[in-house]
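Here the structure comes first, spelled out in C-alpha cells, and everything after it is commentary.
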Amino acid sequence: MIIILSQDFDQQELDNLITWLENMGLEIHMSEGANTTIMGLVGDTSAVDINLLNALDCVADVKRIQEPFKKANRKFHPQDTVISLGADGAAKIGGGNFMVIAGPCSVESPEQISQIAAAVKDSGAQALRGGAFKPRTSPYAFQGMQADGIELLLEARKNTGLPIVTEIMDLNQLEFFDEVDVIQVGARNMQNFVLLRELGKIKKPILLKRGFAATIEELLMSAEYLMAGGNEEVILCERGVRTFEPLTRNTLDLSAIPIIKELSHLPVVVDPSHATGVARYVRPMSLAAVAAGADGLMVEVHNSPKTALCDGQQSITPLQFDSLAKDIAAMRVAIGQCNEGI
Ligand code: PEP
Ligand code: MN
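Okay, structure coming up:
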C-alpha cells in the first residue's frame, strides 16, 4: 500500500500516523520526490482502513499495490534508484547515469586480467567484470580460479581504479567477497532464495541476472528477496532467455528493458554476450539495448578470445570494445541521453 502525502502536511499529524501504522506491525518507507512525498507500507495491510487514512489532512491519496513486489515497485519509489560503486562512488548507474561493465568471462591469469582491465578502462568502461567462481554446465570444464581469481581482480582494481563485479555461487564463498564492489548472482541462481535472503542482509550492491526461464515478474520477486532483507542496491540484468531459436545462445528480451523500467525503479543492465553467445552480435544488441533505455551494459571482453578458457566465442577483443564504447556514446547522444561521451 502507498500513501501519498498532501503538499503541506503537518509533521505532528504524520508522526502520529507513522506510530499508528508501526503499531500495526507495518514497515514504513518514505520516498521524498520534488513535489510529492510517498509513504510505502510493507506487511499485512489488510486491516488498514483506507477510508480512515483518506480522511486525514496529511493524506492526499491511498493506493493498494496489486503487484506482489513492493520495494522493487516504482509505485513505491517513483524516482530511479541510483547506485554508486567504488570507494569514491564515482561510477554510477541509474537515473540517467549509464555504466559499462566489461571484462573476461573468467579470470584466467595475472597477465590476462591486468591487460584486459587496463584496456577496457582506457576505452571508458566504468567497472570490471570477471568470474572467479564459475557455474559451468560440465563438471570437467574450467571452474574458475576461485579465491585466487578474486585476489587478481582486487589487484586489477588497485591498478585501474575500476570497481569489480564478480559472481557468487554459494554462501560458503561469501568470505571471499568482503572487498568486492558488486556481487553478481548468476542466471542459474536467480531463484536460490536462501542465497538471496543472505545477500539481502549485506550492504553491497548486487547484480541480479535473469534466469533463463524466468519471467520479468519472477526477476522482480527475486530482487524483492534481496530488498526485503534491507539491501536495496539491486541492479537487474537482462541476459536473454531460452527459446526454440538455436542460432543464438539465448534470445535477448529487449522488451524487458522498458517493461522493467516501467514497473521498477531499479537500474537495468543488458548482457549482450550471454544473450547472443556470438561475438559479432554483441555490437548490434548493445546498441539496441542502449536505444531501448538500458542503464548499462555488461560485455565480455578477452584479449585472446580464441584461447579463452570460457566463452571465447562470445567475447569481443579490446579493440572491438574500444570501437563499441564509441558507438555506445554516439547512440546515447542520438537518443538524447547525454551530450557527449560515456
Ligand atoms: C556470467 O556472467 O559469467 C554468467 C555465467 O552469466 P549467466 O549467469 O547470465 O549465464
Ligand atoms: Mn561467460
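In my numbering, the protein residues as written are 10 to 351. Even for Gly, the Cβ is constructed at its ideal location relative to N, Cα and C.
Alpha carbon to alpha carbon, how far is residue i from residue j?
i, j, result
"glycine 238", "glycine 302", "28 angstroms"
"glutamine 200", "glycine 220", "8 angstroms"
"glutamine 374", "glutamate 207", "No statement about residue 374 is possible, as the shown extent of the chain runs from 10 to 351 and does not include it."
"isoleucine 337", "threonine 326", "16 angstroms"
"alanine 126", "glutamate 227", "33 angstroms"
"glycine 170", "alanine 128", "13 angstroms"
"alanine 297", "isoleucine 59", "44 angstroms"
"proline 77", "asparagine 106", "28 angstroms"
"aspartate 331", "leucine 204", "36 angstroms"
"valine 287", "arginine 258", "8 angstroms"
"glutamate 176", "glycine 195", "7 angstroms"
Inspect the beta-carbon positions of residue i and residue j and report whether they are closer than 7 angstroms.
i, j, result
"aspartate 89", "glycine 104", "yes"
"valine 277", "leucine 245", "yes"
"valine 116", "glycine 139", "yes"
"alanine 334", "serine 132", "yes"
"asparagine 63", "isoleucine 74", "no"
"isoleucine 47", "glycine 305", "no"
"asparagine 240", "glycine 209", "yes"
"isoleucine 92", "glycine 49", "no"
"isoleucine 225", "alanine 265", "yes"
"lysine 84", "valine 51", "no"
Indicate, with yes or no, if the ligand MN has a heavy atom lying under 6 angstroms from the CB of residue i.
i, result
"aspartate 70", "no"
"aspartate 179", "no"
"cysteine 114", "yes"
"aspartate 320", "yes"
So, for residue i: in the same chain, excluding its five sequence neighbours on each side, which residues have a beta-carbon less than 8 angstroms away from its beta-carbon?
i, result
"aspartate 190", "Leu94, Gly95, Ala136, Arg166, Pro172, Ile173, Val174, Lys213 and Pro214"
"glutamate 22", "Leu65, Asp66 and Cys67"
"threonine 285", "Gly249, Thr257, Arg258, Asn259, Leu261, Val291, Met294 and Gln323"
Between residue i and the rest of its own chain, which residues show a CB-CB distance below 7 angstroms, the 5 nearest in sequence each way excluded?
i, result
"glycine 321", "His311, Pro314 and Lys315"
"alanine 182", "According to the sequence provided, residue 182 is glutamine. The question's alanine does not apply to it. Contacts found: Phe142."
Following a CB-centred definition, is residue i positioned closer than 6 angstroms to any heavy atom of the ligand PEP?
i, result
"alanine 141", "no"
"arginine 248", "yes"
"histidine 311", "no"
"lysine 130", "no"
"lysine 335", "no"
"lysine 218", "yes"
"glycine 195", "yes"
"histidine 38", "no"
"histidine 274", "no"
Once DSSP output is grouped into helix, strand and coil, what is the label at residue i?
i, result
"histidine 38", "strand"
"glycine 421", "Coverage of the chain is limited to positions 10 through 351, which leaves residue 421 absent and any answer about it impossible."
"alanine 43", "coil"
"glycine 139", "coil"
"valine 203", "helix"
"glutamate 120", "helix"
"asparagine 348", "coil"
"threonine 326", "coil"
"alanine 303", "coil"
So, for residue i: in the same chain, excluding its five sequence neighbours on each side, which residues have a beta-carbon less than 6 angstroms away from its beta-carbon?
i, result
"glycine 158", "Val116 and Ala141"
"aspartate 70", "Ile13"
"lysine 72", "Ile11"
With a threshold of 7 angstroms between beta carbons, is residue i in contact with chain C?
i, result
"proline 113", "Protein chains in the displayed structure number just one, and chain C is not present."
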